[in-house]
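Student:
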Amino acid sequence: MSDYTPALIDSWRSTVSALGFLAPTSTREYASSRPCGFAQRETNYFADRTHTCRFAENDVMIMHADTNRGIEVLLNPIYNKGTGFSLAEKERLGIRGLTPPRYFTIEQQCKKIWTNLTEKGKTGMFRWRSMQALQDRNETLFYRLLVDHIEELAPVIYTPTVGEACLQYSRLFRRPRGMYFSADDVGHFNAMMYNWKNDVSVIVVTDGSRVLGLGDLGAHGMGISVGKLDLYVAGAGIEPSSVLPCVLDVGTDNEELLADPYYFGLPQKRIKGDAFMNIVDEFIQAVKNRWPKALVQFEDFSTDHAMPILKRHRENVLCFNDDIQGTAVVVLAGIYGAMAAMGKSSGAITEQTFVVCGAGSAGMGIANFIHAALVHHGLSPQQAFERFYILDKHGLITNNRELKEGEPGVDDLRPFAESRRDLPDGINLREVIESAKPTALLGASTVSGLFTHEILTRMGELNKNPIIMPLSNPTSRAECTAEAAANATEGRAIFSAGSPFDDVSRGGVTMVANQGNNLYVFPGLGLGSILVGSNYISDGMLNAAAEAIPKTLHDGAIRRRAIYPRIADIRDVSVKVAAAVMKQAVDEDRENRGGKIAHMISREGIEGLERYVRSSMYYPEYRPTVFSPGSGRGTL
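Take 1 as the starting number for the sequence shown in UniProt numbering and just add one per residue.
#1: For N289, report the span of its alpha helix (DSSP H) as first-last.
#2: Where are the beta strand (DSSP E) runs, 3 residues long or more, that stay fully inside the region 488-512, in chain order?
#3: Ordered along the chain, which non-local residues of its own chain (more than five positions away) have a Cβ less than 8 Å from that of V301?
#4: What residue ranges within the region 425-466 form continuous alpha helix (DSSP H) runs of no fewer than 4 residues, ordered along the chain?
#5: Following the continuous beta strand (DSSP E) through L295, name the residue where it begins and the one where it ends.
#6: Tell me, to the nearest whole angstrom, how far the beta carbon of L87 is from that of Q109; I am working on the premise that it is less than 8 Å.
#7: What separation, rounded to the nearest whole angstrom, lies between the Cα atoms of F283 and C319?
#8: Any idea what DSSP makes of M617, helix, strand or coil?
#9: Look at residue 643 and L413 and say whether their C-beta atoms are less than 9 Å apart.
#10: Around the Cβ of Y622, are there at least 16 other Cβ atoms within 10 angstroms (buried) or fewer (exposed)?
#11: Between which two residues does the alpha helix (DSSP H) carrying C480 extend?
#12: Exposed or buried, what is D502 when buried is set at 16 or more other beta-carbons lying within 10 Å of its beta-carbon?
#13: For S628, I'd like the list of residues in its chain whose CB is within less than 7 Å of its CB, leaving aside the five on either flank, ordered along the chain.
#14: Are the beta-carbon atoms belonging to A417 and L456 less than 9 Å from one another?
#15: My understanding is that Q297 touches V200, with C-beta atoms under 8 Å, so please give their C-beta distance in whole angstroms.
#16: Could you spell out the range, first to last residue, of the alpha helix (DSSP H) harbouring Y232?
#17: What three-state label does DSSP hand P381 in the structure shown?
#18: Please state if the CB of R506 and the CB of G516 are separated by a distance shorter than 9 Å.
#19: Taking 9 Å as the threshold (C-beta atoms), are T353 and R401 in contact?
#20: In angstroms, rounded to a whole number, what distance separates the CA positions of N278 and V250?
#21: What are the boundary residues of the alpha helix (DSSP H) that includes G130?
#22: Would V586 and G524 be called neighbours here (beta carbons separated by less than 9 Å)?
#23: In chain order, what residues of the same chain lie with their CB nearer than 6 Å to the CB of T5, ignoring the 5 residues before and after it?
#24: Do R290 and M364 have their C-beta atoms within less than 9 Å of each other?
#25: Would a C-beta distance cut-off of 9 Å place M179 and W196 closer than the cut-off?
#26: Any heavy atom of the ligand FAD closer than 8 Å to the beta-carbon of R593?
#27: Spatial neighbours of Q584 within its chain, please: CB distance less than 6 Å, with the 5 preceding and 5 following residues excluded, ordered by chain position.
#28: Please determine, among I349, Y336, N399 and V581, the residue with the shortest C-alpha to C-alpha distance to R561.
#29: In the DSSP assignment, find the alpha helix (DSSP H) that holds S302 and state where it starts and stops.
#30: For a test of the three-state rule: what should DSSP assign to L391, helix, strand or coil?
#31: So what's residue 667 in DSSP terms, helix, strand or just coil?
#32: How do the region 548-555 and the region 563-583 stand: do at least 3 beta-carbon pairs fall below 8 Å, yes or no?
#33: Would you say V432 and V355 are within 9 Å of each other, going by their C-beta atoms?
#34: Determine the closest residue to A557 out of G121, T510 and L519, with distance taken between C-alpha atoms.
#35: Reducing DSSP to helix, strand and coil, say where Q352 ends up.
#36: Skipping 5 residues on each side, what residues in its chain have a beta carbon closer than 8 Å to that of A598?
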């Protein structure tokens with residue numbers, strides 16, 4: 001609240017009362033109770049001309065005193081409403097005559113833009129560029145459109161369309177968004193953080209080394225950070241001004257980018273080893289110094305760096321890796337959803353046996369997290385390890401496999417391997433299925449067609465409702481298709497993939513082609529962690545998020561064997577996830593809000609906590625705009 005003193009807020013209350021607007025009865029209490037970034041808005045869009053700040057309470061937006069009347073209002077995406085200014089606002093802001101005379105509501109504006117975006121023949125890239133242009137001129141309308149059409153626009157704002165945009169990001173670049181920390185800036189990160197004037201709640205950072213399934217895209221990874229944070233805003237109501245997309249530009253090994261004269265990143269080979277880790281360390285320390293309570297989400301770091309970075313900093317800063325933890329949470333949520341579809345409680349997960357194909361970071365991240373859930377529900381660690389059969393390209397991994405010290409992922413793999421003493425090392429998937437008689441078959445191998453008709457048929461013979469999860473992306477690398485799973489199991493499988501497939505009907509039975517989407521996880525997880533003031537995201541909090549997701553399913557969806565809710569309901573999902581994460585944090589004594597959340601739970605229960613979460617979420621709508629008291633311009 002650095003720019004808004006109690007005296008100024010009291011002056012503002014008098015101003016809005018004179019204008020006939022309803023002001024909060026206790027603005028000082030309201031503002032001070034809001035978490036970092038949820039009450040104050042500062043955006044350095046015009047750093048060379050003016051410092052802009054948005055402060056919205058209830059139905060009023062107050063412009064910073066340095067913002068000029070007239071055309072500057074229309075050029076600022078924070079304040080601009082296009083044709084959405086009322087006549088009184090036009091007069092007050094000095095823009096009468098600068099916009100067309102007819103007034104349109106935000107709903108009418110959304111309908112117009114949506115009609116244009118959905119015209120026949122419009123490509124995903126057309127929609128992406130149109131949405132970026134909208135965000136650059138009218139931020140509120142951008143987020144309102146995204147909230148209203150999240151199911152259709154999430155694949156545009158993020159994967160798969162953002163991947164296409166990242167391939168040509170330098171050529172699509174129009175205006176700065178976020179911050180770039182390059183190898184040339186080493187030693188200056190701490191000072192650079194203060195070039196960003198906003199109070200920050202969530203940071204998404206990437207080094208661009210493994211962008212989606214596209215490989216090393218260097219500084220073009222900024223598109224990933226921007227898109228992910230747009231989903232935080234739309235999916236969980238994080239304030240747009242309190243998010244910061246970042247890139248650590250340490251070079252690129254992509255020869256095409258190095259040869260591109262218009263590539264805007266460092267045109268050098270990627271820094272590796274200790275020098276790279278030191279750059280990450282400096283970035284994290286700079287974040288801690290500037291915004292000690294901010295959440296840092298690591299995104300699209302290469303496999304050899306992702307887990308070491310998470311382990312190195314997990315206890316030093318509030319952080320989260322969506323590729324590792326988010327993917328594992330959404331898979332576990334799907335398994336809990338499968339338990340519900342079979343009429344069982346989440347504790348029935350201890351009765352399941354898992355075959356995991358793929359021993360890389362994705363496969364082992366999933367296996368480790370499910371293992372933690374089994375222990376959470378009552379198994380001993382050793383009993384839980386014995387529930388898994390892990391395969392790599394050489395077949396089943398057992399205690400007889402020679403695992404080399406120092407290789408990536410060996411420490412995570414070793415306890416699973418040492419617990420598998422009953423079968424020969426290296427036997428194939430068919431032999432494992434026959435011996436283990438698993439209830440769940442999970443794929444993280446990127447081997448297309450690995451789950452053959454024979455294997456899927458056998459899973460259907462062993463189980464009334466086998467759990468089949470080909471999780472590899474993109475679709476061309478999925479271990480099986482929805483159609484293959486439905487054909488082999490007569491539509492009885494509980495199916496979930498990492499890529500989208502259509503539902504399949506066989507013999508009057510429809511098999512729902514569920515898709516595990518990390519969007520179910522990270523917005524609510526981030527929101528809950530911030531609201532509760534935790535400085536650590538524990539496995540218990542992650543498990544709470546996983547259990548909360550299927551609880552948003554209605555009875556009809558469960559009967560159809562849907563294991564995930566609709567993306568269109570993502571805000572409701574995020575409320576449930578955030579509340580569950582907060583309650584778990586309180587149970588683990590991780591709350592840092594002076595006992596406020598614990599008291600709320602004891603007084604109002606989980607329903608009261610969910611109401612609090614919902615009331616804390618940003619919702620994009622137009623508010624009457626007035627100048628800051630003391631600006632010398634008046635308000636009418």
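No residue lacks a Cβ here, since even glycine has one placed at the ideal position from N, Cα and C. It should be emphasised that the depicted structure is a prediction, and the values quoted were computed from it without experimental measurement.
Tutor: The relevant details are as follows:
#1: Element bounds for N289: G273 to R290.
#2: For the beta strand (DSSP E) assignment, the uninterrupted runs of no fewer than 3 residues enclosed by the region 488-512 are, from N- to C-terminal side, 494-497, 504-506 and 509-511.
#3: A small fix is needed here, since residue 301 is Phe in this sequence, not Val. Listed in chain order, the non-local C-beta contacts of F301 below 8 Å within the same chain comprise T206, D207, S209, R210, I309, N321 and D323, local neighbours out to five positions each way being set aside.
#4: Whole alpha helix (DSSP H) segments, 4+ residues: 429-436 and 453-462.
#5: That run of the beta strand (DSSP E) goes L295 to F298.
#6: Between Q109 and L87 the Cβ distance is about 17 Å, and since that is not below 8 Å, they are no contact.
#7: Between F283 and C319, the C-alpha separation is close to 13 Å.
#8: Reduced to three states, the DSSP call for M617 is coil.
#9: No information on residue 643 is available, as it lies outside the stretch 1 to 636 that the chain covers here.
#10: Under this definition Y622 is a buried residue.
#11: Bounds of any alpha helix (DSSP H) do not take in C480, whose DSSP letter is neither H nor E.
#12: Under this definition D502 is an exposed residue.
#13: I62, M63, H64 and A65, listed in sequence order.
#14: Their beta carbons are not under 9 Å apart, which means A417 does not touch L456 by this criterion.
#15: 12 Å between Cβ atoms; not a contact.
#16: M222 to A236 is the extent of the alpha helix (DSSP H) around Y232.
#17: Helix.
#18: No; because the gap between Cβ atoms is not below 9 Å, this pair is not in contact.
#19: Contact: no.
#20: Going from the Cα of N278 to the Cα of V250 covers about 11 Å.
#21: Looking at the sequence provided, one finds Ser at residue 130 rather than Gly. Unbroken alpha helix (DSSP H) run through S130: G124 to R137.
#22: Contact flag unset, no.
#23: Because T5 carries a pLDDT of 44, less than 50, the predicted location of this residue cannot be relied on, and no value is offered for it.
#24: No, Cβ-Cβ distance for R290 and M364 is not below 9 Å.
#25: Yes.
#26: This structure simply doesn't include the ligand FAD, nor any ligand for that matter.
#27: G540, M541 and A544.
#28: Answer by Cα proximity: Y336.
#29: Membership of S302 in any alpha helix (DSSP H) is not indicated, and neither H nor E is assigned to it by DSSP.
#30: Strand, per DSSP.
#31: Given a span of 1 to 636 for the chain in the structure shown, any question on residue 667 remains unanswerable.
#32: Touching, yes, given that three or more Cβ pairs across the two stretches are closer than 8 Å.
#33: Taking 9 Å as the cut-off, the Cβ atoms of V432 and V355 count as close.
#34: Among G121, T510 and L519, the Cα nearest to that of A557 belongs to T510.
#35: Note: Q352 maps to coil in three-state DSSP.
#36: Correct list, in chain order: V586 and E591.
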